[in-house]
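Here the protein sequences come in this chain order: A and B. Per our numbering, the very first residue in the first sequence carries number 47; after that it's consecutive. Per our numbering, the very first residue in the second sequence carries number 9; after that it's consecutive.
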Amino acid sequence: MMTSGEKKMPPKMAVEIAGIKLKNPVMPASGTFGYGEEYAPYLDLNQLGAVVTKGMSLNPKAGNNTPRICETVSGMLNAIGLQNVGVDAFIKDKITYLEQFDTPVIVNFFGNTQDEYGEVAARLDDVPGVAALEMNISCPNVKHGGIIFGTDPKAAFAAVSLVRKRTTKPLIVKLTPNVTDIQITARAAEDAGADALSLINTLTGMAVDVKTRKPRLANTIGGLSGPAIRPIAVRLVYQVVQAVQVPVIGIGGISRAMDALEFLIVGAKAVQVGTANFVDPNAMATIIADLEEFCRGEGIADINDLIGTLEL
Amino acid sequence: MKNLKTIVLSNQEISPGYFRMKILAPGYSQLSKPGQFVMFRVQCSLPPLLRRPFGIFRVGFMPGDCEGMPAKEFIELIYKVVGSGTEIMQGLHHGDPVELLGPLGEGFDLGNPAEEKILVGGGIGLVPLYPLAERLVENSRVRLLMGGRTRDDIIVVTEFERLGVGTYVSTEDGSLGEEGLITRVLERKLDKYPKSTVYACGPMPMVEAVQKICYERGIPLQVSLEALMACGVGACLGCVVKGVGHTEVEPRYLCTCTSGPVFNAEELDWSNAKVEKMETGGCK
Ligand SMILES: Cc1cc2nc3c(=O)[nH]c(=O)nc-3n(C[C@H](O)[C@H](O)[C@H](O)COP(=O)(O)OP(=O)(O)OC[C@H]3O[C@@H](n4cnc5c(N)ncnc54)[C@H](O)[C@@H]3O)c2cc1C
Ligand SMILES: Cc1cc2nc3c(=O)[nH]c(=O)nc-3n(C[C@H](O)[C@H](O)[C@H](O)COP(=O)(O)O)c2cc1C
Ligand code: FES
């Protein structure tokens with residue numbers, strides 16, 4: 047029997063990923079939370095487990111033509127084209143803003159060649175406000191006919207190995223779901239030295255305006271996100287957790303605590319919230335509060351006790 | 009700027025397909041500037057998933073619930089039913105829970121009080137011009153040129169008249185006012201009042217035509233643009249427009265939600281460069 051004093055103890059919500067301590071397992075997904083600043087009027091960034099910033103490349107990137115977004119059934123397609131200010135401007139202008147918060151900053155980055163990946167990682171290596179790097183491998187390898195790094199286990203292994211050599215920061219590799227067997231790329235990333243994996247990035251999709259017969263995105267093809275992709279994401283996270291030893295961060299269609307719990311139960315140590323931020327800028331705060339409430343209600347003293355408890 | 013969970017006060021059809029919705033909105037009279045918008049959401053509804061952007065038509069007060077209670081602040085939106093989101097909106101009633109994120113974006117610059125002001129509205133583009141007119145009439149002579157396809161598209165013009173704005177209407181089918189495009193009326197007015205400042209909001213072809221006319225005559229122009237938006241706060245980069253000096257090699261994009269929706273015409277690229285497919289396909 048618990049004493050009444052013990053009963054009042056709030057559940058422990060902290061988790062640890064790749065050596066970074068998070069107050070709770072909830073953080074934004076890259077590209078849906080800007081550089082953090084954009085959402086500060088609506089949400090106390092101190093509440094979050096971490097902040098994950100917009101994907102960064104070596105040189106500034108302009109992005110695609112418009113239309114860049116369109117809504118689909120319970121989701122949206124985007125082809126932003128990774129518009130960003132470039133890593134040097136990010137270090138100079140954006141990171142200091144985030145340092146005022148008591149929240150680890152995870153910097154998402156990408157490259158179009160293996161060397162570009164390595165160079166961005168190296169430039170971020172001695173930046174004090176950066177807690178970890180998240181490497182987006184859903185990008186075309188321009189030196190190899192534009193094949194997406196993350197769909198080619200050899201290219202993924204080589205790029206992650208190179209980045210591993212050029213950074214001392216914890217390295218999270220973000221996987222693409224657009225593969226036949228995600229366990230293969232997951233293992234390639236782990237073998238190359240990833241400290242953690244995050245998934246899923248968007249699923250490639252397309253929508254057509256039947257009146258004009260034109261694609262609804264200027265880029266023709268885009269990435270699908272939002273509630274529509276959640277069951278696929280849960281399945282992929284489940285499969286990756288079986289295949290690797292390193293911790294996994296679950297992403298895809300999370301808008302409520304119940305959605306986040308699915309990922310934690312199949313074995314994700316933390317989750318990222320993307321499209322839901324657009325719908326409700328306060329979504330993550332609500333998810334964090336409701337996760338705690340769930341633990342309290344279920345008598346779970348530490349959220350870590352819930353992770354990977356799927357009953358088969 | 010905040011996210012307000014609130015309720016609908018009223019929602020009425022004012023012309024076929026056009027609705028006017030009053031929403032309880034404490035704080036908006038202090039916060040909002042002419043030309044700003046809100047991201048509107050029907051609470052707990054899915055679909056639609058994303059919020060929809062709407063210009064603020066009017067901010068006002070109504071008497072409190074009973075004697076001695078403070079007056080209630082509200083905003084009004086005017087919307088045209090065009091798709092799934094606005095179809096759901098037209099079914100809302102007094103008391104239905106909705107959310108407003110806002111007020112958002114950069115509004116209109118009120119300009120020099122001495123100058124004459126010409127407002128050009130096309131259809132639903134009239135909306136942000138109303139709060140602008142409310143402010144401009146304090147110091148300036150204001151004219152409204154309102155265009156639409158048919159008489160059904162000519163909405164709330166009498167409310168501008170009540171502010172003391174001189175109004176001129178044209179419809180493409182001649183069912184109300186002059187027959188033809190509103191830009192013809194604009195050219196005539198500019199012949200007569202060449203020292204005016206112009207403010208425009210409406211369908212892109214109209215805005216482009218207004219830009220051409222003003223550019224050729226060296227007349228200052230502010231335009232309010234529409235774009236597809238997911239976040240409304242500068243985070244998704246979905247809503248960009250091309251800024252002046254934009255090229256395929258050195259692109260320059262501005263967010264409609266944070267740098268706009270109102271822009272000085274000189275800030276934007278009007279060269280109408282053909283939209284070309286970028287090669288970075290599939291990279292998210
Ligand atoms: C700053 C701003 C202010 C606006 N103010 C008003 C207003 O005061 N009153 C009003 O009626 N509308 C306004 N709009 C347009 C309004 O947001 C769209 O009409 C609305 O989002 C359509 O939603 P839907 O779900 O009904 O249509 P959907 O099913 O999403 O789309 C139906 C059609 O509408 C078009 N559309 C969708 N979203 C937009 C958009 N944001 N801009 C232009 N076309 C769009 C689509 O391309 C499609 O052809 C504004 C837009 C912006 C960006
Ligand atoms: C508008 C938008 C921009 C995105 N930009 C990036 C990015 O720059 N880097 C990245 O790794 N993922 C990016 N993503 C993918 C998200 O981080 C996330 O993996 C995906 O949206 C699935 O999560 P969700 O369903 O919760 O949105 C972006 C997604 C969206 C919707
Ligand atoms: S709507 Fe998201 S950046 Fe403008």
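Built from N, CA and C at the ideal position, the CB exists for glycine as well.
Indicate, with yes or no, if ligand 1 has a heavy atom lying under 7 Å from the CB of A/Ala135. Checking the Cβ of A/Ala135 against ligand 1 gives no.
Please state the DSSP three-state secondary structure of A/Thr142. helix
Tell me, please, whether the CB atom of B/Leu39 is closer than 8 Å to any CB atom in chain A? Not an interface residue.
Taking beta-carbon pairs under 7 Å, can you tell me which members of the segment 121-151 of chain A lie near chain B? Gly121, Met122, Asn124, Ile126, Gly127, Leu128 and Gln129
Test item: CB-CB of A/Val290 and A/Ala314 under 8 Å: no
Report the three-state DSSP secondary structure of A/Lys58 (helix, strand or coil). strand
If you drop the 5 nearest sequence neighbours on each side, which residues of the same chain put their C-beta closer than 6 Å to that of B/Gly298? Residue coverage of chain B in this structure runs from 9 to 292, which leaves residue 298 of chain B outside it and unanswerable.
If you follow the alpha helix (DSSP H) that A/Pro223 is part of, which residue opens it and which one closes it? Segment: none, A/Pro223 is in no alpha helix (DSSP H) and carries neither H nor E.
According to a CB-to-CB cut-off of less than 9 Å, which residues of the segment 218-250 of chain B neighbour chain A? Ala235, Leu236, Met237, Ala238, Cys239, Gly240, Val241, Gly242, Ala243, Cys244, Leu245, Gly246, Cys247, Val248, Val249 and Lys250
Using 8 Å for Cβ pairs, my map puts A/Val209 next to A/Asn154. What's the rounded Cβ distance? About 13 Å separates the two Cβ atoms, so there is no contact after all.
Return the first residue and the last residue of the alpha helix (DSSP H) that B/Lys200 is part of. Ile190 to Lys200
Measure from the C-beta of B/Lys292 to each C-beta in chain A and report whether the shortest distance is under 8 Å. For B/Lys292, the pLDDT reaches just 34, beneath the cut-off of 50, and the residue's location in the model is therefore unreliable, although a value from the coordinates is still provided. For B/Lys292, the answer is yes, since a Cβ of chain A falls inside 8 Å of its Cβ.
Can you tell me where the alpha helix (DSSP H) with B/Glu224 in it begins and where it stops? Met212 to Arg225
Pair every Cβ in the segment 106-120 of chain A with every Cβ in the segment 240-252 of chain B, then say whether three or more of these pairs are closer than 8 Å. In this structure the segment 106-120 of chain A lies against the segment 240-252 of chain B, because at least three pairs of beta carbons, one per stretch, are closer than 8 Å.
Residue environment, B/Pro24, which counts as buried when at least 16 other CB atoms sit within 10 Å: exposed
Entirely within the segment 15-89 of chain B and at least 4 residues each: give me those alpha helix (DSSP H) ranges in chain order. 36-39
For the segment 105-118 of chain A, enumerate the residues whose C-beta is nearer than 8 Å to any C-beta of chain B, in chain order. Those would be Ala108, Gly109, Asn110, Asn111, Thr112, Pro113, Arg114, Ile115, Cys116 and Glu117, in chain order.
For chain B, find out if any of its Cβ atoms is closer than 8 Å to the Cβ of A/Gly95; answer yes or no. no
Consult DSSP for B/Gly99 and reduce its assignment to one of helix, strand or coil. coil
Quick one: Cα of B/Ile15 to Cα of A/Thr266, how far? 39 Å
If you check the beta carbons only, do A/Gly272 and A/Met122 fall under 8 Å apart? yes
Can you give me the Cβ contacts of A/Ile353 inside the same chain, cut-off strictly under 8 Å, excluding the 5 residues immediately before and after it? Val61, Leu310, Ile311, Gly313, Ala314 and Lys315
Please report the straight-line C-alpha distance between A/Leu179 and A/Ile218, rounded to a whole angstrom. Rounded to the nearest angstrom, the gap between the Cα atoms of A/Leu179 and A/Ile218 is 6 Å.
If you count every other CB in all the chains shown that lies within 10 Å of the CB of B/Ser92, and 16 or more means buried, which is it? Counting the other CB atoms within 10 Å of its CB gives B/Ser92 a total below 16, which places it among the exposed residues.
Does A/Gly269 come out as helix, strand or coil in the three-state DSSP assignment? The answer is strand: DSSP assigns A/Gly269 an E or B state.
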